[in-house]
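Asks: Okay, here's the structure, questions in a sec.
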Amino acid sequence: MVLAVRIGLPRGLLYYQYGLVWENFLRELGAEVVVAGDTTKATLDHGSVLDEVCLPVKVYFGHVYELYKKVDYLFSPRVISVAAGQYTCPKIIGMPDMLRSNIDNLPPVINVNVNLRQNNRSLYEAIVSVGRTLGRGAIPSLYAWYRAWKHRHQLPTAYQSDIKRQRIGLIGHSYIIYDRQISMNIINKLRDIGFDVITPEMVSNRQATAAAKVLGKKIFWSNSHHMAGAALALMQSAQPVNGLIFMTSFSCGPDALIGELINQRAQSLNIPCLLLTVDEHTAEAGFITRLEAFTDMLVRRKRS
Amino acid sequence: MIISFPHMGALSIVLQALFTSLGRKVILPPAISKRTLELGVKYSPEAVCLPFKITLGNFIEALDQGANTIVTCGGVGPCRLGYYAEVQKGILQGLGYEFEMIIIEPNLVNIINNVHRIAPKHSLREIYSAFRLALAKMNALDSIQRKVQTVRPREITRGASDALWKTAMDEINTADTIPALRTAWYDAEHKLDQEVKLKAGVNPLRIGVVGEIYVMLEPFVNLDLVRRLGQMGVEVHTTMQLSNYVNGHLFRKSEYLELFKHLTNLARPYLGHYVGGHGLKSIAYTVHMGQQNYDGMIHVFPFTCMPEVVAKNILPKVSNDVNIPVLSLAYDEQSGEAGVVTRLEAFIDLLEYRRSTNTY
Chain D
25 MVLAVRIGLP RGLLYYQYGL VWENFLRELG AEVVVAGDTT KATLDHGSVL
75 DEVCLPVKVY FGHVYELYKK VDYLFSPRVI SVAAGQYTCP KIIGMPDMLR
125 SNIDNLPPVI NVNVNLRQNN RSLYEAIVSV GRTLGRGAIP SLYAWYRAWK
175 HRHQLPTAYQ SDIKRQRIGL IGHSYIIYDR QISMNIINKL RDIGFDVITP
225 EMVSNRQATA AAKVLGKKIF WSNSHHMAGA ALALMQSAQP VNGLIFMTSF
275 SCGPDALIGE LINQRAQSLN IPCLLLTVDE HTAEAGFITR LEAFTDMLVR
325 RKRS
Chain G
7 MIISFPHMGA LSIVLQALFT SLGRKVILPP AISKRTLELG VKYSPEAVCL
57 PFKITLGNFI EALDQGANTI VTCGGVGPCR LGYYAEVQKG ILQGLGYEFE
107 MIIIEPNLVN IINNVHRIAP KHSLREIYSA FRLALAKMNA LDSIQRKVQT
157 VRPREITRGA SDALWKTAMD EINTADTIPA LRTAWYDAEH KLDQEVKLKA
207 GVNPLRIGVV GEIYVMLEPF VNLDLVRRLG QMGVEVHTTM QLSNYVNGHL
257 FRKSEYLELF KHLTNLARPY LGHYVGGHGL KSIAYTVHMG QQNYDGMIHV
307 FPFTCMPEVV AKNILPKVSN DVNIPVLSLA YDEQSGEAGV VTRLEAFIDL
357 LEYRRSTNTY
């Protein structure tokens, strides 16, 4: 019996958007996929090897650290761009290199370039290249991708709203707000207090892009473009959200500018906006206090 | 239309020449000071990088002095610089300023349109000669500055070359024709060669400076790094000058494209793709200068700068492989002189020790 190749898939960064597709794809190609577990304190400790990077990058690094000895390959594609004229963030682009420079004896990294800035060809090249690494031809690889893509669905893509409940727009990168360790489980906390939570994933691309048109210049980071668009859509709709929480990680580059844009807009529309910044030192008690102060304010505001 | 623009080292001389010869009135923002920094920090988002804050301070001070048009640059990412102008515009409008913002995007159509906006009545020939003068000033300043950096560690009288540099800047600033500029240029270089008395038999440490261009070129921001090192007896080679940037990124001159290709190859084993800003060059020049037996590298960047943070996390490996010490300095509004000087002194001690023991 031939043992399947074991490929490690870190649970961090773009995993929250594309992880399931990647996992399906690698399985279709006959590999055994090992996904790192949930983020823990230990993950953060390992990730602190890196200097001055944001928390999600440290988390990603921590996941790799926990995985790399257990697998034959590490799947960490270099995702440069996922849409025309846009980029991901520089740290995501440089991630495979930061891994290589900071972990000795790393297993071979599958770090194919995905760059859809100018056209889609690079995606197909990447698919074929991954297939070839695993000893598969071009056609089976593309077919595997097709099947993986067909079965994608992971983050919630629609929301139902109860008219009686207040609605909060929770704006942040999916790798922050859906990582329970980083986000301190904010989504459930807000729901427990009695709020409906709307995240950027629940706003369609079309809506977000339309709303982002009010900005003078198109945002060139994909995630930020969608986040800003979603925030604007939630604020400018006929039934705007009651409040907005912008959740970011300390030293996130794009967010420093996007947060400001969103805050400017929220102020002019008179929608309360809370900026929550987290890093590995954020304590849960202080975090909850701020959250409660904000939600209490929203409740009082509605009553008066 | 009264034009102003942000400061970055000697850039103001170049841009002032350009806009004045295009027939526009220019108000320079006051030289960057504590006040500029305070204004910028006060109205900027907290977590944004230092150049954003200081250029915002420049804009506020210039608008207060009567400028009504700001010329600044755009960009297409992924470095944050490309989105500065959009956010800064919103902040300034929120503060109640009335002004026009001309954002120069890196594409030819946009540049032509904007030049037309600034100088609607000028013929192509006049525009060409305005650009020619401005660019000649840029080349002159860069060339003289390179010379100053070689002379400074060797001069007997401390400050002799700096005095000449100051005079040269003034003369270049006032030169309004190409011949006048050439005279000022050659005069300055000649004086640097002839008039500054040099110590005999010194072999200064050679340090390459890599990193982000704004921090590298603006002495207020880098706490006068280049002059300080020179006066500590170090020959400094700054890897990014204005002319490199303009010739490489705007004119895409073939020699610079060749150079960039070469640098990309040098960086490839460590950083396989462009990450915005100058991150790739920081890696590449460290490899390059390590191979050329430089004594050390100093890597400067604004705190939280995304491309350079990627570089910073890779540089220890590069440093180890090519056997060249690297000191990384991240600057923000809290950077203090004493801290930086201490680190520089320690670094120089290390480099001298390495030299004396010949461990490389």
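Going down the list, the protein sequences come from chains D and G. Adding 24 to a residue's 1-based position in the first sequence gives its number in our numbering. Adding 6 to a residue's 1-based position in the second sequence gives its number in our numbering. We put the beta carbon where it would ideally sit given N, CA and C, even for glycine.
(1) If we call anything under 8 Å between Cβ atoms a contact, is glycine 81 (chain G) one with glycine 72 (chain G)?
(2) Closest Cβ-Cβ distance between asparagine 209 (chain G) and chain D: below 8 Å?
(3) Taking the Cβ atom as the reference point for each residue, do arginine 289 (chain D) and leucine 256 (chain D) lie within a distance shorter than 8 Å?
(4) From glycine 193 (chain D) to leucine 299 (chain D), what distance separates their C-alpha atoms?
(5) Nearest to glycine 240 (chain D) by CA position, among D:Gly54, D:Gly253, D:Val95, is which residue?
(6) To the nearest angstrom, how far is the alpha carbon of serine 27 (chain G) from that of glutamate 132 (chain G)?
(7) Please name the residue or residues paired with glutamine 190 (chain D) in a DSSP beta bridge.
(8) Is DSSP giving threonine 183 (chain G) helix, strand or coil here?
(9) Go ahead and label histidine 316 (chain D) buried or exposed: buried means 16 or more other beta carbons lie within 10 angstroms of its beta carbon, across all protein chains shown.
(10) Can you name the residues of chain G whose CB is closer than 7 Å to the CB of alanine 280 (chain D)?
(11) For asparagine 15 (chain D), tell me which candidate among D:Asn129, D:Ser105, D:Gly109 has the shortest Cα-Cα distance.
(12) Measure the beta-carbon distance from valine 252 (chain G) to methionine 144 (chain G) and round it to whole angstroms, keeping in mind my assumption that it falls under 8 Å.
(13) So with CB distances below 8 Å, who are the chain D contacts of threonine 310 (chain G)?
(14) Any beta carbon of chain G sitting closer than 8 Å to that of isoleucine 134 (chain D)?
(15) Could you work out which residue in D:Tyr39, D:Glu304, D:Phe99, D:Met251 is closest to isoleucine 286 (chain D) when comparing CA atoms only?
(16) Can you tell me whether DSSP reads lysine 48 (chain G) as helix, strand or coil?
(17) Closer than 9 Å between beta carbons: that is the criterion. Which residues of the region 70-90 of chain G meet it against chain D?
(18) Give a yes or no on whether the C-beta atoms belonging to valine 88 (chain D) and proline 132 (chain D) are separated by under 8 Å.
(19) Reducing DSSP to helix, strand and coil, say where phenylalanine 309 (chain G) ends up.
(20) Quick one: what's lysine 31 (chain G) bridged to in DSSP?
(21) I'd like the span of the beta strand (DSSP E) that includes leucine 211 (chain G), first residue to last.
(22) With three or more C-beta pairs closer than 8 Å as the rule, is the region 316-329 of chain G touching the region 350-359 of chain G?
(23) Can you give me, in chain order, the residues of the region 102-131 of chain G that have a beta carbon less than 7 Å from any beta carbon in chain D?
(24) Using a beta-carbon distance below 8 Å, is proline 313 (chain G) in contact with chain D?
(25) Output, in chain order, the set of chain D residues within a Cβ distance shorter than 8 Å of alanine 336 (chain G).
(26) Output yes or no for whether 8 Å exceeds the beta carbon distance between tyrosine 291 (chain G) and threonine 244 (chain G).
(27) Leaving out five residues before and five after alanine 235 (chain D) in sequence, what residues of the same chain have Cβ atoms less than 7 Å from its Cβ?
(28) Is it true that the CB of glycine 15 (chain G) sits closer than 8 Å to the CB of proline 225 (chain G)?
(29) For methionine 119 (chain D), collect the residues of the same chain with a Cβ closer than 8 Å to its Cβ; drop the 5 residues on either side in sequence, then sort them by chain order.
(30) Give a yes or no on whether the C-beta atoms belonging to alanine 146 (chain G) and tryptophan 191 (chain G) are separated by under 8 Å.
(31) Quick check for students: name the residue ranges of the beta strand (DSSP E) that lie wholly in the region 61-128 of chain G, counting only runs of 3 or more.
(32) For histidine 284 (chain G), count neighbouring C-beta atoms within 10 Å of its own C-beta (all shown protein chains included) and say buried if the count is 16 or more, exposed if not.
(33) Work out the CA separation of valine 221 (chain D) and isoleucine 211 (chain D) for me, nearest whole Å.
(34) Looking at the structure shown, is valine 138 (chain D) part of a helix, part of a strand, or coil, going by DSSP?
(35) Below 8 Å between beta carbons: does that hold for glutamate 52 (chain D) and alanine 168 (chain D)?
(36) Report back the beta-carbon spacing between glutamate 67 (chain G) and leucine 45 (chain G) to the nearest angstrom; my notes put them in contact at under 8 Å.
Replies: Taking the geometry as given:
(1) Here residue 81 (chain G) corresponds to residue number 75 of the second sequence, with the count starting at 1. Here residue 72 (chain G) corresponds to residue number 66 of the second sequence, with the count starting at 1. Taking 8 Å as the Cβ cut-off, glycine 81 (chain G) and glycine 72 (chain G) do not qualify as a contacting pair.
(2) Here residue 209 (chain G) refers to the residue found at position 203 of the second sequence. With 8 Å as the cut-off, asparagine 209 (chain G) does not count as an interface residue toward chain D.
(3) The sequence position of residue 289 (chain D) within the first sequence is 265, counting from 1. The sequence position of residue 256 (chain D) within the first sequence is 232, counting from 1. Cβ atoms of arginine 289 (chain D) and leucine 256 (chain D): closer than 8 Å.
(4) By 1-based counting over the first sequence, the position of residue 193 (chain D) is 169. By 1-based counting over the first sequence, the position of residue 299 (chain D) is 275. Distance between the alpha carbons of glycine 193 (chain D) and leucine 299 (chain D): 12 Å.
(5) Counted from its first residue, the first sequence places residue 240 (chain D) at position 216. Closest option to glycine 240 (chain D), Cα to Cα, is D:Gly253.
(6) By one-based count along the second sequence, residue 27 (chain G) stands at place 21. By one-based count along the second sequence, residue 132 (chain G) stands at place 126. Distance between the alpha carbons of serine 27 (chain G) and glutamate 132 (chain G) is about 8 Å.
(7) Here residue 190 (chain D) corresponds to residue number 166 of the first sequence, with the count starting at 1. D:Phe219.
(8) By 1-based counting over the second sequence, the position of residue 183 (chain G) is 177. Of the three classes helix, strand and coil, the one that applies to threonine 183 (chain G) here is coil, per DSSP.
(9) Counting from one through the first sequence, the residue named residue 316 (chain D) turns up at place 292. Residue identity check: residue 316 (chain D) is glutamate in the sequence provided, not histidine. It is exposed - the Cβ of glutamate 316 (chain D) has fewer than 16 other Cβ atoms within 10 Å.
(10) Reading the first sequence from its first residue, position 256 is the one you call residue 280 (chain D). Those are Pro51, Ala53, Val54, listed as they occur along chain G.
(11) Absent from the model: residue 15 (chain D). The displayed extent of chain D is 25 to 328, so no value can be given.
(12) Residue 252 (chain G) sits at position 246 when you count from the first residue of the second sequence. Residue 144 (chain G) sits at position 138 when you count from the first residue of the second sequence. Confirmed, Cβ separation roughly 7 Å.
(13) Within the second sequence, the letter at position 304 stands for residue 310 (chain G). Within 8 Å Cβ-Cβ: Glu76, Ser275, Gly277, Ala280.
(14) Translated into the one-based positions of the first sequence, residue 134 (chain D) becomes position 110. Not one chain G Cβ lies under 8 Å of isoleucine 134 (chain D).
(15) Along the first sequence, read from residue 1 onward, the residue named residue 286 (chain D) stands at position 262. The shortest Cα separation from isoleucine 286 (chain D) among D:Tyr39, D:Glu304, D:Phe99, D:Met251 belongs to D:Met251.
(16) Here residue 48 (chain G) refers to the residue found at position 42 when the second sequence is read from its first residue. Helix.
(17) Gly80, Gly81, Val82, Gly83, Pro84, Cys85, Arg86, Gly88, Tyr89, Tyr90
(18) If you number the first sequence from 1, residue 88 (chain D) lands on position 64. If you number the first sequence from 1, residue 132 (chain D) lands on position 108. No, the Cβ-Cβ distance between valine 88 (chain D) and proline 132 (chain D) is not below 8 Å.
(19) Position 303 of the second sequence, counted from the first residue, corresponds to residue 309 (chain G). Note: phenylalanine 309 (chain G) maps to coil in three-state DSSP.
(20) If you number the second sequence from 1, residue 31 (chain G) lands on position 25. For lysine 31 (chain G), which the question treats as bridged, DSSP gives the partners G:Ile8.
(21) Counted from its first residue, the second sequence places residue 211 (chain G) at position 205. Start and end: 211-217.
(22) no
(23) none
(24) Here residue 313 (chain G) corresponds to residue number 307 of the second sequence, with the count starting at 1. Closer than 8 Å to some Cβ of chain D, the Cβ of proline 313 (chain G) qualifies, so yes.
(25) Mapped onto the second sequence, residue 336 (chain G) falls at position 330. Here the neighbours are Glu76.
(26) Locating residue 291 (chain G) in the second sequence gives position 285, where the first residue counts as 1. Locating residue 244 (chain G) in the second sequence gives position 238, where the first residue counts as 1. Against a cut-off of 8 Å, the Cβ pair of threonine 244 (chain G) and tyrosine 291 (chain G) comes out as no contact.
(27) If you number the first sequence from 1, residue 235 (chain D) lands on position 211. Excluding residues within five positions, the ones whose Cβ falls inside 7 Å are Gly253, Leu256, Ala257, Gln260.
(28) Reading the second sequence from its first residue, position 219 is the one you call residue 225 (chain G). Reading the second sequence from its first residue, position 9 is the one you call residue 15 (chain G). Result yes, Cβ atoms of proline 225 (chain G) and glycine 15 (chain G) sit closer than 8 Å.
(29) Locating residue 119 (chain D) in the first sequence gives position 95, counting from the first residue. Excluding positions up to five away in sequence, the list reads Leu37, Val81, Tyr84, Ser100, Arg102.
(30) For the purposes of this step, residue 146 (chain G) is taken as residue 140 along the second sequence, with counting starting at 1. For the purposes of this step, residue 191 (chain G) is taken as residue 185 along the second sequence, with counting starting at 1. Yes; because the gap between Cβ atoms is below 8 Å, this pair is in contact.
(31) 75-79, 106-110
(32) Translated into positions along the second sequence, residue 284 (chain G) becomes position 278. Label assigned to histidine 284 (chain G): buried.
(33) Position 187 of the first sequence, counting from 1, holds the residue named residue 211 (chain D). Position 197 of the first sequence, counting from 1, holds the residue named residue 221 (chain D). Cα to Cα, isoleucine 211 (chain D) sits roughly 7 Å from valine 221 (chain D).
(34) Within the first sequence, the letter at position 114 stands for residue 138 (chain D). Strand.
(35) Position 28 of the first sequence holds residue 52 (chain D). Position 144 of the first sequence holds residue 168 (chain D). Against a cut-off of 8 Å, the Cβ pair of alanine 168 (chain D) and glutamate 52 (chain D) comes out as a contact.
(36) On the second sequence, residue 67 (chain G) is found 61 positions in, with the first residue counted as 1. On the second sequence, residue 45 (chain G) is found 39 positions in, with the first residue counted as 1. Going by Cβ atoms, the distance from glutamate 67 (chain G) to leucine 45 (chain G) rounds to 7 Å, so yes, they are a contact pair.
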